[in-house]
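J.: Top to bottom, those sequences are chains A and B.
With the first letter of the first sequence counted as 1, position 109 gets the number 109 in this note's numbering; the numbers rise by one all the way through.
To get this note's numbering, take the position in the second sequence, counting from 1, and add 1000.
Even glycine gets a Cβ: it sits at the ideal position worked out from N, Cα and C.
As the structure is a computational prediction, the values presented were derived from the model and not from experiment.
Got a structure for you, written out below as structure tokens; questions coming shortly.
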Amino acid sequence: VVKLPADVKLLVDFPDDTEEDGGDIVVFPGRNIAEALGEGFASRGYKVDNPEHAGEHGWELDVHLNKRRFWIQVTRIDEDDCLLQTDNKTWRIGLDEQATQSFLQDLKAILESDARFSQLEWLSGNWRLS
Amino acid sequence: MAGYRPARSGVLETMADFVERRRREVANLGRDPEAAAHKVYGDVVRGGHDLVLRTQDDVRRFGANLISEREKPQTRSPPATPQVRAASVNGRPPLRPSPPRAKGDWKRNPIVKGAVGGAAGRVGQVAGVARGGAHTLEGLAQGADFLRRLSDPMDMLFSAPGQSANAQLWGAVSRGVDHGADYVRQAVADPSTVGRDVKKWTHQKRVELDPSAGPVAPTVREEAWRRLNIGMNQGEAAFDVGSLAVGGPLAKGMSGVGRISNVGNVAKYTAQGFSPEVAAHLAKPYPSKAMGSHYAPRDYKLPKLLGGGPLPKRYSDSAFNVLAPKGISRGDMYELHYKVDPRFHAARLPTGLELRSWHGGRLGLEEYGHLGRLWHGAPEPLKARVGGMGAAAGGAIQDSEAEDAVW
């Protein structure tokens, strides 16, 4: 099994759910994407928290499995481009690589099984978007 | 803000792990002297008997009698008892002062009580400073790194000019912008002023902090406990006064100090390649209701042994945790956010502009390294507050080492 990095850039086909007020964005987009991911994780036995608005970052989602907490940040960059950043936020001593990889494999399966997600580009190393 | 740093074992640890480890270290710093003090005084006073001496006059009088009796070579009669009878407490009759016995009398001797109590107070002062630090760090956990930098001589060598922790602290002090700045300078230059100011507190605080404001405990053991607790109150108070002295005024005054505002500076953003419309949007003030950059990440959750759950919102969304300098423009805030937060890459722009998002990578911005993120990512009030913590801790430790501490 190929080891997956924690972050992925992809194309999304979701309605733009940005909320604006007088030329200012008051709710950044990505809630619908976070909810779709939450449904995918729930179907795989994860306990899923409600997505939380994170300002310019977009939306955040916590999913739990086997006393572990995994964090996902959804940043919708423009109409099509989206960035998912993840982290194993479980309090632990040492690395928890096996559980992290299991979570990332589940994420990959969710993204690949939903036609609204496409062109996954897993971002490894010290990446920055260009 | 997330990130990784090598732990002492050399293994990479997350920022959250680092914060938890520092919190544990600080908590132990408070408990260890306390536990040591309990053991010492437990050994000293074990086997003591109750003796009702409710005021310092009682103690002095009783002690004088003891000494005078000792000075009479042939006298074997018991020393005089105190003149003042204690009233009953909680319906229980007061214990009469019992005459000293040949063995173990020193354990109930008021002179020993005074000496033991004084020593307990000094131990308590140091423990209290640590307790104050632990309490403050519960809310300012990530500021601990700044304390480490303050005490690390290598920090000055490896930091860019003006960027070391010491330079930043003294720069902050010298930039003080209200009348509190004089006090700040004085407190940093002469930490004993912190102790003197503790004496100016209210009467209630005086009872908590001044051993002479309350009755002496009946036994050496209880007096040791009383003085230890008062000492810890003193230490924690010094910590708080010191950190508020430095952090308070500057926390108010430093927001926006030293930052050139680019609000309205459309030219800056057109020079970056943005269209006039987008540049005008970026030159607007960063909205006060916007989320800013959180120093302790919003998704940070406490471990279960500390109750679990997120950080309290009153801290998480406070000026000590949210980086959103007053008077900063949207464009500058995005740049700052991009440099200090490796999780922030792009910000969506409103509809109606031809550009859908601001994108730090496309501007060729360089993000700060780990230390740069720690410093530049910290809101100014947090920097000022942490600077105060260092000054107060130093002052209290100096005082505790002095034989005649200023309390």
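Within 8 Å of any Cβ in chain B, is that where the Cβ of Phe28 (chain A) sits?
T.: As a first step, residue 28 (chain A) is located in the first sequence; it is residue number 28 there, counting from the start. Yes, because at least one Cβ of chain B sits closer than 8 Å to the Cβ of Phe28 (chain A).
J.: Over the uninterrupted alpha helix (DSSP H) stretch that includes Lys1268 (chain B), give me the two end residues.
T.: On the second sequence, position 268 is the one that residue 1268 (chain B) refers to. Looking at the DSSP string, the run of the alpha helix (DSSP H) that includes Lys1268 (chain B) is Val1266 to Ala1271.
J.: Taking DSSP as the reference, what is the three-state secondary structure of Leu4 (chain A)?
T.: To locate residue 4 (chain A), count along the first sequence from 1; it is residue 4. Correct three-state label for Leu4 (chain A): coil.
J.: Would you identify the three-state DSSP class for Glu18 (chain A), choosing helix, strand or coil?
T.: By 1-based counting over the first sequence, the position of residue 18 (chain A) is 18. For clarity, residue 18 (chain A) is Thr in the given sequence; the question names Glu instead. In the structure shown, Thr18 (chain A) sits in coil (DSSP, three-state: anything other than H, G, I, E or B).
J.: What residues from chain A crowd round Ala1280 (chain B), counting only those whose CB sits closer than 8 Å?
T.: For the purposes of this step, residue 1280 (chain B) is taken as the residue at position 280 of the second sequence. Within 8 Å Cβ-Cβ: nothing; Ala1280 (chain B) doesn't reach chain A, min ~11 Å.
J.: If you pair each beta-carbon of the region 1289-1301 of chain B with each one of the region 1321-1332 of chain B, do three or more pairs fall below 8 Å?
T.: yes
J.: I need the DSSP call for Leu1355 (chain B), collapsed to helix, strand or coil.
T.: By one-based count along the second sequence, residue 1355 (chain B) stands at place 355. It is coil, neither helix nor strand.
J.: At what residues does the beta strand (DSSP E) containing Glu60 (chain A) begin and finish?
T.: For the purposes of this step, residue 60 (chain A) is identified with residue 60 of the first sequence, where counting begins at 1. First-last of the beta strand (DSSP E) with Glu60 (chain A): Trp59 to Leu65.
J.: Quick one: what's Ile25 (chain A) bridged to in DSSP?
T.: Counting from one through the first sequence, the residue named residue 25 (chain A) turns up at place 25. Paired residue(s): A:Glu20.
J.: With C-beta atoms as the reference, is Glu52 (chain A) less than 8 Å away from Glu60 (chain A)?
T.: In the first sequence, residue 52 (chain A) corresponds to position 52, counting from 1. In the first sequence, residue 60 (chain A) corresponds to position 60, counting from 1. Yes, these two residues count as a Cβ contact at 8 Å.
J.: Taking only the alpha-carbon atoms, compute the straight-line gap between Leu1302 (chain B) and Phe41 (chain A) and give it to the nearest angstrom.
T.: The sequence position of residue 1302 (chain B) within the second sequence is 302, counting from 1. The sequence position of residue 41 (chain A) within the first sequence is 41, counting from 1. Their backbone Cα atoms lie some 23 Å apart in a straight line.
J.: With a threshold of 16 other CB atoms inside 10 Å of the CB of Gln119 (chain A), please say whether the residue is buried or exposed.
T.: Reading the first sequence from its first residue, position 119 is the one you call residue 119 (chain A). A residue is called buried when at least 16 other Cβ atoms come within 10 angstroms of its Cβ; Gln119 (chain A) does not meet this threshold and is exposed.
J.: State buried or exposed for Thr1351 (chain B), treating a residue as buried only when at least 16 other CB atoms are found within 10 Å of its CB.
T.: As a working note, residue 1351 (chain B) is residue 351 in the second sequence. Exposed is the call here.
J.: Which chain A residues sit within Cβ distance under 8 Å of Pro1312 (chain B)?
T.: On the second sequence, position 312 is the one that residue 1312 (chain B) refers to. Result: empty, since nearest Cβ-Cβ is about 16 Å, beyond 8 Å.
J.: Can you have a look at Asp13 (chain A) and say buried or exposed, based on whether 16 or more other CB atoms are within 10 angstroms of its CB?
T.: Taking the first sequence and counting its residues from 1, one reaches residue 13 (chain A) at position 13. That one is exposed.
J.: Are the C-beta of Ala54 (chain A) and some C-beta of chain B separated by less than 8 Å?
T.: Here residue 54 (chain A) refers to the residue found at position 54 of the first sequence. Answer yes: the Cβ-Cβ gap between Ala54 (chain A) and chain B drops below 8 Å somewhere.
J.: For a test of the three-state rule: what should DSSP assign to Asn1262 (chain B), helix, strand or coil?
T.: Taking the first residue of the second sequence as 1, we reach residue 1262 (chain B) at position 262. Asn1262 (chain B): coil per DSSP, three-state reduction.
J.: Cutting at 8 Å between CB atoms, please list the residues of its own chain near Val27 (chain A), excluding the five before and the five after it.
T.: For the purposes of this step, residue 27 (chain A) is taken as the residue at position 27 of the first sequence. Cβ within range, chain order: Asp17, Thr18, Glu19 and His53.
J.: Under 8 Å between beta-carbons, which chain A residues line up against Glu1020 (chain B)? List them in chain order, please.
T.: By 1-based counting over the second sequence, the position of residue 1020 (chain B) is 20. The contacting residues are Trp91.
J.: Under a CB-based cut-off of 8 Å, is Phe1320 (chain B) close to chain A?
T.: Locating residue 1320 (chain B) in the second sequence gives position 320, where the first residue counts as 1. Not closer than 8 Å to any Cβ of chain A, the Cβ of Phe1320 (chain B) fails to qualify, so no.
J.: Applying a beta-carbon distance threshold of less than 9 Å, which residues of chain A neighbour Asp1301 (chain B)?
T.: As a position in the second sequence, residue 1301 (chain B) is number 301, starting the count at 1. Going by the sequence as given, residue 1301 (chain B) is Lys instead of Asp. Per Cβ cutoff of 9 Å: Asp62, Arg69, Lys89 and Trp91.
J.: Below 7 Å between beta carbons is the criterion; list the residues of the region 10-23 of chain A that meet it against any residue of chain B, in chain order.
T.: Thr18, Glu20 and Gly23
J.: Do we get a CB-CB distance below 8 Å when we pair Asp78 (chain A) with the residues of chain B?
T.: Start at 1 with the first residue of the first sequence, and residue 78 (chain A) comes out as number 78. Chain B, which has a Cβ nearer than 8 Å to the Cβ of Asp78 (chain A), makes this yes.
J.: Which of the three DSSP states, helix, strand or coil, is assigned to Ala1324 (chain B)?
T.: Mapped onto the second sequence, residue 1324 (chain B) falls at position 324. In this structure, Ala1324 (chain B) counts as coil in the three-state DSSP scheme.
J.: In whole angstroms, give me the CA-to-CA distance for Leu111 (chain A) and Met1232 (chain B).
T.: Walking along the first sequence from the start, residue 111 (chain A) turns up at place 111. Walking along the second sequence from the start, residue 1232 (chain B) turns up at place 232. Their backbone Cα atoms lie some 56 Å apart in a straight line.
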